[in-house]
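Asker: Going down the list, the protein sequences come from chains A and B. Sequential numbering of the first sequence, starting at 611, is according to the working numbering. Sequential numbering of the second sequence, starting at -2, is according to the working numbering. Cβ coordinates follow ideal geometry from the N, Cα and C atoms, glycine included. Please find one structure pasted underneath; my questions will follow.
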Amino acid sequence: KLLSPSHELIRQSVHQLIAASENGNSEALWGAWPSPFSYRVIWALKLKGIPFEYIEEDLFNKSPQLLQYNPVYQKIPVLVHGGRPICESMVILEYLDEKWPQQPLLPSDPYERAEARFWVKFAEDKVSCSGMIYQTEGEKLEKARRDALEMLTILEEHGLNGKKKFFGGDNINIVDIAFGWIAHWMGVIEEITGVKLIEGNKFPLLKAWMHNFKEVSFISENLPNREKMAAFFRARRSMILSSA
Amino acid sequence: MVEENRVTLRGMWSSMYSKRVELALRVKGIEYEYMEEDLMNKSMLLLRYNPVHKKVPVLVHNGKPVAESLVILEYIDETWKHNPRLLPEDPYERAKVGFWANFLHLQVFEALAVVFTSEGEVQERAIEQEEVFGVKFIDRDKYPIISSWVMSLTELPLVKEVIPPREKLAGIFRFIRDKALKSSAV
């Protein structure tokens, strides 16, 4: 791969950036534009008004910095603060909440925090449902669809039941962010696979939540382009299915 | 025990998730009432306290249920703030703990569960996965640090109190494995 002048400039600024973050002066977020996990961290940083530099990681050609900062999984997102990396999106969010308490992501009462963490864990356990749908076909796809429907039903009946606008009440909290992928990514997966999950009169609470979530300014201003996403996931799906 | 500060743990003697919570309560010196759940015949209370998963452990404090063992551990540390602390004070150190807790859960325990309930090819693949961590077959020469950590842990008196007798565990694990193999057999 030939290094064009602009590539060289990019490399230099990344090095400067790393140097700056190692001086404890800024946050650096390594992310990837199609990733909902990446966006969780962006939303949290935007909500709290924390300045940060964003570095787009090419997932098919991972940078040495990523491999150095996340040797265990080699995945994004990775937040680097003061030269120290933090991995796993929900771990990053709890870290941000502790260091920047304004616009809190978690409630202050221990019982309410436990409730929120319960749903965060549920979100983490079930996010693979979406992934399984676009990566499979036939019987495996059918199973993934059933799993996803079960997850959405639990969310509708136990998660959103009795809630106000958001899991966080009148404002978005860590649970809303954890489920953010449902509001934007899931529709794209439904479109490219033809598998309908949220349709008709089913899941009225979830539909209302999705609508409210995407109306919030720091969310709507920070979402990947839908057409671009559809193209990306469509291509990924063909690649995965043809190599299976 | 005074009603308002009543702590109940609904658990199962062979469940390691249940044991985690018992250990945490004992480490903190918190008085609690233990209720054994029969997982073949779950109590109405369990279904009420954990309607989403219907699983143990569930901690009930002041009549309010908390489910998911790691969530319970954090709840315990935040409610009973006295020493010893279960989590570090520093946010960065806490983030590291969070990362490794997730890793252990996903990469080790889930992989172990697959090894345990499968055989043949599925088991081979699962063994490969946790060979990376090497917990099941803790070869002392291959994994000296992990071996010595496990040794130190199992020598702690509190841990000894909480771990069920080996033969009893072996018995129930054999039962669970047979059941799993029968149900997946074609």
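Which residue's Cα is closest to the Cα of Gly778 of chain A: A:Leu716, A:Ala854 and A:Gly692?
Answerer: As a working note, residue 778 of chain A is residue 168 in the first sequence. Comparing Cα-Cα distances from Gly778 of chain A to each of A:Leu716, A:Ala854 and A:Gly692, the minimum goes to A:Leu716.
Asker: Looking only at C-alpha atoms, which of B:Met37, B:Gln104, B:Val24 and B:Val49 sits nearest to Gly769 of chain A?
Answerer: In the first sequence, residue 769 of chain A corresponds to position 159, counting from 1. Looking at the Cα atoms, B:Val49 is the closest of the given residues.
Asker: Determine the DSSP secondary structure at Pro720 of chain A, reduced to helix, strand or coil.
Answerer: Position 110 of the first sequence, counted from the first residue, corresponds to residue 720 of chain A. If DSSP states are grouped into helix, strand and coil, Pro720 of chain A belongs with the helices.
Asker: Exposed or buried, what is Glu667 of chain A when buried is set at 16 or more other beta-carbons lying within 10 Å of its beta-carbon?
Answerer: As a first step, residue 667 of chain A must be located in the first sequence, where it is residue number 57. Answer is buried; the Cβ neighbour count reaches 16.
Asker: So with Cβ pairs under 8 Å, would you call Ala724 of chain A a contact of chain B?
Answerer: The count along the first sequence starts at 1 and reaches residue 724 of chain A at position 114. Chain B contact via Cβ: present.
Asker: What did DSSP end up calling Phe9 of chain B once you bin it into helix, strand or coil?
Answerer: Within the second sequence, the letter at position 12 stands for residue 9 of chain B. One point to set straight first is that residue 9 of chain B is Met, not Phe, in the sequence displayed. Looking at Met9 of chain B - three-state DSSP - the assignment turns out to be coil, as it is neither helix nor strand.
Asker: Would you say Ala92 of chain B reaches chain A, if we count a Cβ-Cβ gap shorter than 8 Å as a contact?
Answerer: Here residue 92 of chain B refers to the residue found at position 95 of the second sequence. Chain A contact via Cβ: present.
Asker: Taking DSSP's pairing of strands, which residues face Ile665 of chain A in a bridge?
Answerer: Within the first sequence, numbered from 1, the residue matching residue 665 of chain A stands at position 55. In the DSSP output, where bridge partners are listed per residue, Ile665 of chain A has A:Trp640.
Asker: Check whether the Cβ of Glu19 of chain B lies closer than 8 Å to any Cβ atom in chain A.
Answerer: If you number the second sequence from 1, residue 19 of chain B lands on position 22. Not one chain A Cβ lies under 8 Å of Glu19 of chain B.
Asker: Which residues of chain A have a Cβ atom closer than 7 Å to the Cβ of Gly8 of chain B, listed in chain order?
Answerer: For the purposes of this step, residue 8 of chain B is taken as residue 11 along the second sequence, with counting starting at 1. Chain A residues near Gly8 of chain B: none, gap ~17 Å exceeds 7 Å.
Asker: For chain A, check one thing: does any of its Cβ atoms lie closer than 8 Å to the Cβ of Tyr72 of chain B?
Answerer: To locate residue 72 of chain B, count along the second sequence from 1; it is residue 75. It does: the Cβ of Tyr72 of chain B has a partner Cβ on chain A nearer than 8 Å.
Asker: Shorter than 8 Å from the beta carbon of Pro81 of chain B to some beta carbon of chain A?
Answerer: As a position in the second sequence, residue 81 of chain B is number 84, starting the count at 1. Judged by the 8 Å Cβ criterion, Pro81 of chain B is not in contact with chain A.
Asker: At a Cβ threshold of 8 Å, is Phe170 of chain B touching chain A?
Answerer: Locating residue 170 of chain B in the second sequence gives position 173, counting from the first residue. For Phe170 of chain B, the answer is no, since every Cβ of chain A falls outside 8 Å of its Cβ.
Asker: So that I know if they touch, is there some Cβ in chain B lying closer than 8 Å to that of Val651 of chain A?
Answerer: Translated into positions along the first sequence, residue 651 of chain A becomes position 41. Answer no: the Cβ-Cβ gap between Val651 of chain A and chain B never drops below 8 Å.
Asker: How many Å lie between Arg650 of chain A and Val688 of chain A at the Cα?
Answerer: The residue given as residue 650 of chain A occupies position 40 in the first sequence. The residue given as residue 688 of chain A occupies position 78 in the first sequence. Going from the Cα of Arg650 of chain A to the Cα of Val688 of chain A covers about 12 Å.
Asker: Taking C-beta to C-beta, are Pro54 of chain B and Tyr29 of chain B nearer than 8 Å?
Answerer: As a working note, residue 54 of chain B is residue 57 in the second sequence. As a working note, residue 29 of chain B is residue 32 in the second sequence. No, the Cβ-Cβ distance between Pro54 of chain B and Tyr29 of chain B is not below 8 Å.
Asker: Just mark Asp707 of chain A as buried or exposed, buried being the case when its beta carbon has 16 or more other beta carbons within 10 Å.
Answerer: As a working note, residue 707 of chain A is residue 97 in the first sequence. When all chains shown are included, Asp707 of chain A counts as buried.
Asker: Would you mind giving the Cβ-Cβ distance between Phe843 of chain A and Leu762 of chain A, rounded to the nearest angstrom? I have them listed as a contact below 8 Å.
Answerer: As a working mapping, residue 843 of chain A is identified with position 233 in the first sequence. As a working mapping, residue 762 of chain A is identified with position 152 in the first sequence. That pair is no contact at about 19 Å.
Asker: I want to see whether chain A comes within less than 8 Å of Pro54 of chain B, judged by CB atoms only; does it?
Answerer: Looking up residue 54 of chain B in the second sequence gives position 57. No - not a single Cβ of chain A is within 8 Å of the one on Pro54 of chain B.
Asker: Whose C-alpha, out of A:Gln675, A:Trp643, A:Phe789 and A:Tyr705, is nearest the C-alpha of Phe728 of chain A?
Answerer: As a working mapping, residue 728 of chain A is identified with position 118 in the first sequence. Looking at the Cα atoms, A:Phe789 is the closest of the given residues.
Asker: So who's on the other strand from Cys697 of chain A, going by DSSP bridges?
Answerer: For the purposes of this step, residue 697 of chain A is taken as residue 87 along the first sequence, with counting starting at 1. In the DSSP output, where bridge partners are listed per residue, Cys697 of chain A has A:Val688.
Asker: Reducing DSSP to helix, strand and coil, say where Leu153 of chain B ends up.
Answerer: As a position in the second sequence, residue 153 of chain B is number 156, starting the count at 1. Three-state result, Leu153 of chain B: coil.
Asker: If you measure from the beta carbon of Val49 of chain B to each beta carbon in chain A, is any gap under 8 Å?
Answerer: Counting from one through the second sequence, the residue named residue 49 of chain B turns up at place 52. Yes, Val49 of chain B lies at the interface with chain A (some Cβ there is under 8 Å from its Cβ).
Asker: For Leu765 of chain A, which option in A:Ala638, A:Val785, A:Asn781 and A:Pro661 has the closest C-alpha, if you only look at C-alpha atoms?
Answerer: Residue numbering aside, residue 765 of chain A sits at position 155 when the first sequence is read from its first letter. When only C-alpha atoms are compared, the closest one is A:Val785.
Asker: Just to confirm my understanding: we take Thr5 of chain B, look at its own chain, exclude 5 residues before and 5 after, and list those with CB closer than 7 Å. What are they?
Answerer: The sequence position of residue 5 of chain B within the second sequence is 8, counting from 1. Counting only Cβ-Cβ distances below 7 Å, and skipping sequence neighbours, we find Tyr29, Glu30, Met32 and Val57.
Asker: With DSSP run on the structure shown, which of helix, strand or coil describes Glu65 of chain B?
Answerer: Residue 65 of chain B sits at position 68 when you count from the first residue of the second sequence. Glu65 of chain B: coil per DSSP, three-state reduction.
Asker: According to DSSP, which residues form a beta bridge with Val55 of chain B?
Answerer: The count along the second sequence starts at 1 and reaches residue 55 of chain B at position 58. According to DSSP, which records beta bridges pairwise, Val55 of chain B is partnered with B:Arg7 and B:Ala64.
Asker: In the DSSP output, what is Met32 of chain B paired with across the bridge?
Answerer: The residue labelled residue 32 of chain B in the question sits at position 35 within the second sequence. DSSP, once it has assigned bridges, lists B:Arg7 as partnering Met32 of chain B.
Asker: Would you be able to state if there are at least three C-beta pairs under 8 Å between the segment 732 to 744 of chain A and the segment 799 to 818 of chain A?
Answerer: Verdict: yes, contact present.
Asker: Three Cβ pairs or more, each shorter than 8 Å: is that satisfied between the segment 689 to 707 of chain A and the segment 86 to 101 of chain B?
Answerer: Segments in contact, yes.
Asker: So, is Ile69 of chain B buried or exposed, given that buried needs 16 or more other C-beta atoms within 10 angstroms?
Answerer: The sequence position of residue 69 of chain B within the second sequence is 72, counting from 1. Buried, since its Cβ has 16 or more Cβ neighbours within 10 Å.
Asker: Could you pull out every residue in the same chain whose Cβ sits closer than 8 Å to the Cβ of Glu734 of chain A, ignoring the five residues on either side in sequence?
Answerer: Numbered from 1 along the first sequence, position 124 holds the residue referred to as residue 734 of chain A. The residues are Met700 and Ala788.
Asker: If we ignore side chains and look at the alpha-carbon of each, how far apart do Arg7 of chain B and Arg45 of chain B end up?
Answerer: Against the second sequence, residue 7 of chain B aligns to sequence position 10. Against the second sequence, residue 45 of chain B aligns to sequence position 48. If you take the alpha carbons of Arg7 of chain B and Arg45 of chain B, they lie about 12 Å apart.
Asker: Please compile the residues from chain A whose C-beta is within a distance smaller than 7 Å of the C-beta of Val68 of chain B.
Answerer: Reading the second sequence from its first residue, position 71 is the one you call residue 68 of chain B. Per Cβ cutoff of 7 Å: Ala724, Arg727, Phe728 and Lys731.
Asker: What distance in whole Å lies between the Cβ atoms of Leu166 of chain B and Val24 of chain B, which are believed to be in contact at a cut-off of 8 Å?
Answerer: Along the second sequence, read from residue 1 onward, the residue named residue 24 of chain B stands at position 27. Along the second sequence, read from residue 1 onward, the residue named residue 166 of chain B stands at position 169. Wrong, their Cβ atoms sit about 21 Å apart, outside the cutoff.
Asker: Reducing DSSP to helix, strand and coil, say where Phe170 of chain B ends up.
Answerer: For this step, residue 170 of chain B is matched to residue 173 along the second sequence. In this structure, Phe170 of chain B counts as helix in the three-state DSSP scheme.
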